[in-house]
Each structure stands twice: as structure tokens, then as C-alpha cells.
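Read through the structure below, which is laid out as C-alpha cells, and then see the notes.
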Amino acid sequence: MATTEHPPSRLRGWMLQGLSDMGKRGGLTGPHAEPEPPHRGQRWWRVMCLTGVDYFSTLGYQPGIAALAAGLLSPLATIVLVVVTLAGALPVYRRVAQESPHGQGSIAMLERLLSFWKGKLFVLTLLGFAATDFLITITLSAADASTHLVENPHLTSTLHGHQMLITLILVALLGAVFLKGFLEAMGVAVALVGIYLALNLVVVITGLWHVLTAEHVVTDWTNALTVQHGNVFVMIGVALIVFPKLALGLSGFETGVAVMPHVQGDEGDTEERPAGRIRDTKKLLTTAAVIMSCFLITTSFITTLLIPAAEFKPGGQANGRALAFLAHEYLGNAFGTVYDVSTIAILWFAGASAMAGLLNLMPRYLPRYGMAPHWARAVRPMVIVFILIAFLVTWLFDANVDKQGGAYATGVLVLISSAAIAVTIAARKAGQRGWTIGFGVISAVFLYTTVANVIERPDGVKIGACFIAGIMLVSLLSRLARSFELRVTSVAMDPMAERFVRDMASRKIRFIANEPDNRDRAEYRDKIEQIRTDNDMPEQEDFVFVEVTVADPSEFETCLTVRGEVLHNRYRVLTVESSSIPNALAALLLHVRDLTGRTPHIFFEWTEGNPFANFLRFFLFGQGEVAPVTREVLREAEPDRVRRPRVHTG
5 MATTEHPPSR LRGWMLQGLS DMGKRGGLTG PHAEPEPPHR GQRWWRVMCL TGVDYFSTLG
65 YQPGIAALAA GLLSPLATIV LVVVTLAGAL PVYRRVAQES PHGQGSIAML ERLLSFWKGK
125 LFVLTLLGFA ATDFLITITL SAADASTHLV ENPHLTSTLH GHQMLITLIL VALLGAVFLK
185 GFLEAMGVAV ALVGIYLALN LVVVITGLWH VLTAEHVVTD WTNALTVQHG NVFVMIGVAL
245 IVFPKLALGL SGFETGVAVM PHVQGDEGDT EERPAGRIRD TKKLLTTAAV IMSCFLITTS
305 FITTLLIPAA EFKPGGQANG RALAFLAHEY LGNAFGTVYD VSTIAILWFA GASAMAGLLN
365 LMPRYLPRYG MAPHWARAVR PMVIVFILIA FLVTWLFDAN VDKQGGAYAT GVLVLISSAA
425 IAVTIAARKA GQRGWTIGFG VISAVFLYTT VANVIERPDG VKIGACFIAG IMLVSLLSRL
485 ARSFELRVTS VAMDPMAERF VRDMASRKIR FIANEPDNRD RAEYRDKIEQ IRTDNDMPEQ
545 EDFVFVEVTV ADPSEFETCL TVRGEVLHNR YRVLTVESSS IPNALAALLL HVRDLTGRTP
605 HIFFEWTEGN PFANFLRFFL FGQGEVAPVT REVLREAEPD RVRRPRVHTG
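Note that the sequence shown ends on residue 654 in our numbering; no numbers are left out.
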């Protein structure tokens, strides 16, 4: 079925060389991919650092965002965030790791629950929010990295007013890394995370020391809380209300599951039962959540007590860089500069983690749905697309961390909510009543948080809706453009079907396309008479019927299994299940041609009805104007007219 291809140009070959490096096992393949060596994986704590560059890097801006959102209540609101993290998000994603051990995440779990077009549209919607999450991670992290550069005392006079340009340069450098070729770089991730957490630990200990030695700081804070909110119960209530604004601190769990294929696991692990990988991924998620929770509580406490509220606001020295402000203030500009460099590096590498997530996620679904061109499986073209979108997002949000927080939180919360719903359904199907109730409560909490965040910051759902609309529009246009591709990946025939083909190979191979109805003797007799009359053929011509049943018309690529049977002791019938009748017939004809070396013929009757309506039926439901579409699929698959199977319509 393959046709002769011209050698690609040097540029085209370079652009399409290689596929996503982040999903080697069970990953993607393509026409330009080189064979990958077996992936042995890494120890779980090293993989934790890979996802940690995304998760832990939020310390660069989370304390400042929390202070802006909750004010003096920032530490209490952060405690609520930590409770939701440890008692909500962590159990959910531990279950996701168990249910989806190959890195597909909660989207794949929900994909299995819905079929046909409603399943595809639902997945595209979730992909839109995932794109929001990952792309805003790239742009927000780059924007915060540029903030650290611009606000550094040694550089502020030189770089002031150039934050947009610096952010765009950082995003472009990120793209250059992937265009050059990005591998896992576990060692870089381990070094960055280790240095960054160590420096943060120094800042936290120093900050706590200043809080403890200056007793009036705590007293002033508690007195101010009492004046503003009255009593503890009011404070807790307000902290619960403002908690959704702190949702950025929940980022990183989806990435943690996405990197599962890199976890080494046990020697006895198999792709079907990777018990060791699941166990170690749960360790990864738990350790990362505990470390992050400790840092979130302590950093929100010291930044709230030690930094004047005015410095958190736009234009303030602590805006988007609260811990860096403390590092310069209490440990000197030399240490502060080292801290800035470390923060800039991990924020930039957080964008790399997000880019790797995008390159894993989008090619996993869109090409399989027929909703992206073939080149979408290759890294470099997709990198260019994502970087251009990141440029646009950076420009729209003016490279501002605060402005992007709403969109980022929306993407994070929608993905976590979908994961909570997915594990609730999985627990219910498994008959686990306790877990079903528990996950149901967690789902309600995250749904409330999502809705509250959307109401408070509607810009997040607006940018998410733009991504969703863009993905759906491009996907449907791509599906339309690829409608006439030969989508069948393989054809397998049972012994009876092979016997029919061998028998016909000694004569002219003639098939009749038949839409199965009652499948009685009269149906096949009348069909043969109609074909003979329409095509003015003698009675001695021999035929084999082909009947295609449409299974899920929303699927794009499929494997064909052809079964042969003899009905009413006379009529030979080949039966096939496929997502599209014309594509299945074209694939069968090409397979028979290659098997026998003879050109097969197939006979149709014209389909009644409006041609445009019949095309829509083909596009959406895999049937409709079958004869001309079958011929068009054959024409695209086999440009040599002499070797092309013949299509007859009467």
C-alpha cells in the first residue's frame, strides 16, 4: 500500500527528524523516526527533579501572588492550600498513576469513558486547558525570570524597561534548545533543583531567624489580623474564600504523572504490569508534595511578616520575586545575585519541562484523531508552533506575572478537577465505596475552586477558551484536509477470506460493495442482478461481496480484520469493521492487489441524496457517498493509474 516517496530536502529532513524524546517507551513513531534504544529509566528521585523544575520553581512567584491575593492572611490561606494538596491533589494523582502508568494521565482515563465524537470533543477541550497550563508555564516562568534579572541591583539600571524583550529572548532560547534536540537532561534537573532548594532553605532559615529574634514582628502581624478580621473563625472563613487565588501552588502534579515512563521501577516490571514504576511514582509524587508544602508554608509566613505590603504590588521590589527580595535584604547582594541566577535558571528550565509536556501530550492525541498533519508528530515543527504562540501570549499579557496568574490557575485547576472526576469514576467502577465518596468530596472541592477562580479571574477561562477554540478549529480543518487519506495501518485476513482471494486470483477479481441489511438470500441475489444490469455484464461473472460495518466513525486510523463466510450455501462474503467505509474498501483492494499481483475491481451503486449532505455523512459518520470517495482515497494512495484498483459505479 505504500507509495514511492521522493527524498526529502535537507531542511525538510532536518525539521522532521526525530520525535518526542520524552516518551520513548510506548511513545510515538513516524516515517522519519530513527529506532530508539530501550529506555532503562531513572531512579524516582532523579525523575522527581525533572518534574520539580516545574513544581518547585513556583516558589519564585507563589509567595508574592499569595500576599497580593490574601494579604495578612497569606500564611493561613497557604495552610488551606497545603491541606488541599496533601489530602486532595496527592491522593488523586497517586490513583491516576495507578490507573494510567504509561504517562497518559487523567485525559486518557476520561477518554476511555466516552466514545464517538463526544469523546473526541471532550478530549480536545481538556487539551485546550492543558495547552493553557503548559504554555502559560513557559511564558509566566520566562516573565518571572526576566523580573529577577531586571530587579537585580547590579542590573536594574541597565535592563530597566526591557522586560518584554528579555522575556521574548528567554522564550526563544528555550525554543532553540528543542530545535537543537532535547533529551531528558536528568543531571541538569537534579543540579538545578538541588541548588535552588538549598538556597531557598538558607533564605527560609534566615527569614525565620529574623522573625523569631524580632518579637514585635509576630505581635504586629497578629494584632493587625485581629483588627482586620476580628476572630479566628472569621480568619479561617476568609482564608477558605481566598484560597482559590492561591491555586498556582497546585501546579506540577500533571507533569509528575506525565514523566512516569522515565521511572525505572523493578526488574520484573512489564509494560502491562509495571508495579515497581507505579510504586516509585507514588513516592515521587508524595515526596515532591511534602517538600513543596513545607516551603509554601514557611515562605508565605516570612514574606508576609518581613516584606511591606506595598512592595508586593505592581512596581514594588518584591512583586513576582518575594524570596529574592529577602535574599538581597538579609543576606546581601552577592548572595541575592546567586539566588537570582538560580531562580532564573530553574524558571527557564521549568519552561523546558512544560515544553516537553506539550510535545508529549499533543502528538499523543491529535495525529491519532486525524486532527493534525503528519509533521505534528515531529519535535521541531511543533516547537516552532508552540514558541510562536508563546510569543503571542507574552505580548498579550505584557510579560507580566500577575496578569498571567489567572490563566495559569485555570488550566491547572481544570486538569486537577478532571483528574479527580476520573479517579472517582474509576473507584466507583471498582466497587470501592469509601474511595468513591472520598474522591467525590475532593472533586467537589476542586470544582468549587475552579468555579471560584473563574468568577474571580475570568481572563483565565477566556484565554483557555481561545486555546480550546483554536485547537478545535485547527483539528477539524486538519481532519477535513486528511479525509481522503488511506487511514488503515494494517490488513489481516482469516483463512476463509484468504481462500476467497486465492480462488479469485486465477480469474478477474471482482467485488461488490454491499450495505448489509437483512442478509437473506433475496438481498444478495437482487444485488448481483442489479450490478449485472447496471454494468451490462454477462451472468457467468463471479463476485465476492464486501460488507463494512462502521464501528466508531470518530476514529481516524484503524487496523482491518477481514473475515470470510459463505451465506445460504452460495454467496461468498467478506466482512470488515472500520471507522470509515470508503477507507476500509480502498485498503482491502490495495491489500488484495499486493497479495495476488492482479488488479481488483469493485462495483457500487450510486448513493441517493444531496452530494454535500452525503459528504458530511462520510466526514462525521464514515459513510455516505461511498463510491467516489473510495475512488479518491485510491487515487491519493496509488498515483500510478495502471496499478490502481478499478472502481465501477452504475
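C-beta: ideal position from N, C-alpha, C; glycine also.
- For secondary structure counted as the alpha helix (DSSP H) over 4 or more consecutive residues, the region 523 to 592 holds these complete runs in sequence order: 525 to 539.
- Counting only runs that start and end inside the region 430 to 489, the alpha helix (DSSP H) elements of at least 4 residues fall at 437 to 460, 462 to 485.
- Y369 and T454 have their C-alpha atoms spaced approximately 25 Å apart.
- Relative to the Cα of L63, the nearest Cα in the group F305, E219, N156 belongs to F305.
- By alpha-carbon distance to L592, the top candidate from E629, W49, R574, T565 is T565.
- Remark: C-beta atoms of V548 and L589 do not approach each other more closely than 9 Å.
- Taking one beta carbon from each stretch, the region 65 to 74 and the region 298 to 312 have 3 or more pairs nearer than 8 Å; the two touch.
- Rounded to the nearest angstrom, the Cβ distance from A349 to L196 is 6 Å, consistent with a contact under 8 Å.
- Taking the CA atoms as reference points, G272 sits about 27 Å from L94.
- Inter-segment contact for the region 330 to 343 and the region 79 to 90 is absent: fewer than three beta-carbon pairs are separated by less than 8 Å.
- Taken in chain order, the complete alpha helix (DSSP H) segments of 4 residues or longer contained in the region 255 to 315 are 257 to 262, 279 to 310.
- Measuring C-alpha to C-alpha distances from L169 to each of W213, F395, W610, I199 identifies F395 as the nearest.
- Here H266 is buried, its C-beta having at least 16 other C-beta atoms within 10 Å.
- Residue ranges of uninterrupted alpha helix (DSSP H) with 4 or more members, entirely inside the region 180 to 250 and ordered along the chain, are 190 to 217, 219 to 233, 236 to 246.
- Our two residues, A469 and R50, have alpha carbons roughly 35 Å apart in a direct line.
- Under the 8 Å Cβ criterion, the region 433 to 442 does not count as touching the region 415 to 422, having fewer than three qualifying pairs.
- Around the beta carbon of Q46, a 10 Å sphere encloses 16 or more other beta carbons of the protein chains shown; the residue is thus reported as buried.
- Here V84 is buried: its Cβ has 16 or more other Cβ atoms, across all protein chains shown, within 10 Å.
- Segment contact: the region 345 to 360 against the region 198 to 205, three or more CB-CB distances shorter than 8 Å; contact assigned.
- A distance below 9 Å separates the beta carbons of S150 and Q167.
- Taking a contact as a CB-CB distance under 8 Å, the pair E581 and T553 counts as one, their CB atoms being some 5 Å apart.
- Cβ neighbours of V221 within its own chain (closer than 8 Å, five residues either side excluded): H214, V215, L309, L310.
- Contact annotation, V181 with A356: C-beta distance approximately 6 Å; criterion of less than 8 Å satisfied.
- Among the bridge pairs identified by DSSP, M497 is matched with V566.
- CA-to-CA, the gap between W121 and S558 works out to about 5 Å.
- Within the same chain, V630, V633, T634, V637 come within 6 Å of P586 by CB-CB distance, once the 5 residues on both sides are set aside.
- In this structure, K249 keeps its C-beta atom at 9 Å or more from the C-beta atom of Q102.
- By the C-beta density criterion, H164 is exposed, having fewer than 16 other C-beta atoms within 10 angstroms.
- Shown here for G324: same chain residues with a beta carbon closer than 6 Å to its own, the five before and five after excluded, namely Y65, G68, D148, T151, V405 in chain order.
- Fewer than three Cβ pairs drawn from the region 519 to 537 and the region 475 to 484 lie within less than 8 Å of each other, which leaves the two stretches out of contact.
- Going by DSSP, A322 is part of no beta strand (DSSP E) at all; its letter is neither H nor E.
- Counting the other Cβ atoms within 10 Å of the Cβ of D224 gives fewer than 16, which makes it exposed.
- In this model, E258 and I446 are separated by some 16 Å (Cα to Cα).
- If you check the CB distance, L594 and P542 do not come in under 9 Å.
- Looking at G601, Q268, L172, the one whose alpha-carbon comes closest to that of M508 is G601.
- Annotated three-state conformation of H595 is helix, per DSSP.
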